[in-house]
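J.:
Residue numbers (the numbering used here), protein chains in the order written: chain A, -13 to 252; chain B, 7 to 290.
1. For residue 264(B), collect the residues of the same chain with a Cβ closer than 6 Å to its Cβ; drop the 5 residues on either side in sequence, then sort them by chain order.
2. Enumerate in chain order the residues of its own chain whose CB-to-CB distance from residue 42(B) is below 6 Å, with the five nearest sequence positions on each side excluded.
3. Would you please verify whether the beta carbon of residue 168(A) is less than 7 Å from any beta carbon of chain B?
4. May I ask which residues mark the beginning and end of the beta strand (DSSP E) holding residue 96(B)?
5. Could you list the residues in the region 200 to 218 of chain B with a C-beta less than 8 Å from some C-beta on chain A, going in chain order?
6. Can residue 173(A) and residue 197(A) be called in contact, C-beta distance under 7 Å?
7. In chain order, what residues of the region 171 to 192 of chain A put their CB closer than 9 Å to some CB of chain B?
8. Identify whether residue 91(B) lies in helix, strand or coil by the three-state DSSP scheme.
9. Using Cβ-Cβ distances below 7 Å, what residues of the region 157 to 185 of chain B are close to chain A?
10. To test your reading of the DSSP string, which unbroken beta strand (DSSP E) runs of 3 or more residues are found completely within the region 106 to 151 of chain B?
11. Within 10 Å of its beta-carbon, does residue 28(B) have 16 or more other beta-carbons around it, so buried, or fewer, so exposed?
12. Just by C-beta distance, which residues in the region 233 to 267 of chain B are closer than 9 Å to chain A?
13. Among 230(B), 66(B), 182(B), which residue has its Cα nearest to the Cα of residue 103(B)?
14. Go through its chain and collect everything with a Cβ distance to residue 232(A)'s Cβ below 6 Å, but skip five positions before and after it.
15. Assuming residue 191(B) contacts residue 213(B) (C-beta within less than 8 Å), just tell me the rounded distance between them.
16. To test your reading of the DSSP string, which unbroken alpha helix (DSSP H) runs of 4 or more residues are found completely within the region 140 to 213 of chain B?
17. Can you tell which of 104(A), 117(A), 213(A), 176(A) has its C-alpha closest to the C-alpha of residue 60(A)?
18. Is there a C-beta anywhere in chain B that falls below 7 Å from the one on residue 244(A)?
19. Looking at residue 149(B) and residue 175(B), is the spacing between their C-beta atoms short of 7 Å?
20. What does residue 129(A) touch in chain B if you count any residue whose Cβ is under 7 Å from its own?
21. What's the gap between the Cα of residue 170(A) and the Cα of residue 266(B)?
22. Going by alpha carbons, who is nearest to residue 158(A) out of 168(A), 22(A), 181(A), 36(A)?
23. Tell me whether residue 112(A) sits in a helix, a strand or coil according to DSSP, three-state version.
24. Per the contact definition of three or more C-beta pairs closer than 8 Å, is the region 51 to 68 of chain A in contact with the region 87 to 107 of chain A?
25. Going by the DSSP bridge assignment, what does residue 231(B) pair with across the sheet?
26. Anything in chain A within Cβ reach of residue 128(B), meaning under 7 Å, just list it in chain order.
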């Protein structure tokens, strides 16, 4: 379980502007990996169910190094390499490191598509999630990527909306919530509410499903009471669930949204 | 949060630019108040967009980076407060806010956007075909739209003083035109007021009921940037206007303009704005 693409990122997309710069290809070098366990790509794949928010950063770096160095088409055709990059990107405090890892995640997902992963919903989902994170601080690059994000997330929903506890529903919902609205953009409050309600109904244990629905209820419906209800539910899930390293990251997002909910109605 | 870099190439470049530029009447960084009453944009999103736009304007206008900052509001009351408290030299204002605050803040338009070849638009009140035959039939009926946030502007300009929409209709403001149109389509609303850009895009929506226009406003100028004529010099205004005029042909600026459906920014047409001022004053 990961649950990527922060609300902050989507705020950037909300007023996403132009620019079509290609993503940089810088690779982040990790230090102190001499004690990584000896792992074959297949062994890594067989243990992928254990990789998640509770994994140590060191373990994620070791695993991503395996994915970087292998030519095994089976591993490279899965969503695991892009998922590892995304976990590490989200944990990075430094924006350049975060962007470089997210960009790598995009490349790894694109590689997976070519290596037989085109029918894997997770590959499309992690491509979109990494892409969103990569352009988070670059609104001038975002507009051209909105259609890619929409297409990849729609494909992910079509193939498997269950990945990352409704991740594709959650992210596409937020994309519709924050993108420029009709007639200039794809933004659509009704679609956002439908997707985010679906994410909460089907995957009620994921805190971000509730947090994002809270934002939609506030921004589309002006319904502060229901938004606060969802916010509370989400925070409860965050505090009680197995969210490991993501707990602190997401808690900051909860606090940001809480400030918005406390603002006077627009 | 931006990091601090001592004498980076960017900073050196900015310093060189700064020393080669003529002095302006206003201090730097200069704050621009951006008002978008009833707009579908939150403050956070708008700040991100405005920052990107201002970086382009600074570049094409050859100002040092970060010469300008912005503060945004989508609420009319807050916009008035911002104009009063911040006393900006430049602002992006709706036509309604410009007309209302023109005298108090010595506002003068410097550029207008051009969209689909026009620098003006008409507001249209749409109904389901055959539902009503005139504005008279709509008394007490529900009307929605994204442009209902400025009742005085609606009364004096959009409806030309014929009616006071705030009391004549049951107004249902929304920030999303597409929601209002879907509700109209389903019969949950009686009418929707659209601006020119929204009306022009109606064909892209898969609506079940055919719609028709029951009222069309006079032609109103599209508003862009305004300046305080007392706190800015003519050359400041001209320089800013020229930078905005270059924006839509700049590589990054073009994308930004396209996003908002703006083809170009052109010098403000005083002759088109003057009738609005008269109409506004007539309604007083």
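Ideal Cβ positions, reconstructed from N, Cα and C, are used throughout, including at glycine.
T.: Walking through what the data contain:
1. none
2. 80
3. yes
4. 96 to 98
5. When CB distances to chain A are screened at a threshold of 8 Å, the residues of the region 200 to 218 of chain B falling below it are 203, 204, 206, 207, 210, 211, in chain order.
6. no
7. Taking 9 Å as the Cβ-Cβ cut-off against chain B, the residues of the region 171 to 192 of chain A that qualify are 171, 173, 174, 175, 176.
8. Three-state result, residue 91(B): helix.
9. 182, 183, 184, 185
10. 113 to 120, 130 to 134, 148 to 151
11. Legend: pLDDT at residue 28(B) = 36, less than 50; position of this residue unreliable, no value from coordinates given.
12. 257, 258, 259, 260, 261, 262, 263, 264, 265, 266, 267
13. Taking the Cα of residue 103(B) as reference, the smallest distance to any Cα among 230(B), 66(B), 182(B) is reached at 230(B).
14. These residues qualify, in order along the chain: 39.
15. 5 Å
16. 171 to 174, 183 to 191, 202 to 206
17. 104(A)
18. no
19. yes
20. 261, 265
21. In this model, residue 170(A) and residue 266(B) are separated by some 6 Å (Cα to Cα).
22. 181(A)
23. In the three-state reduction of the DSSP assignment, residue 112(A) falls in the helix class, which pools H, G and I.
24. yes
25. 98(B), 117(B)
26. Correct list: empty, because the minimum Cβ distance to chain A is about 16 Å.
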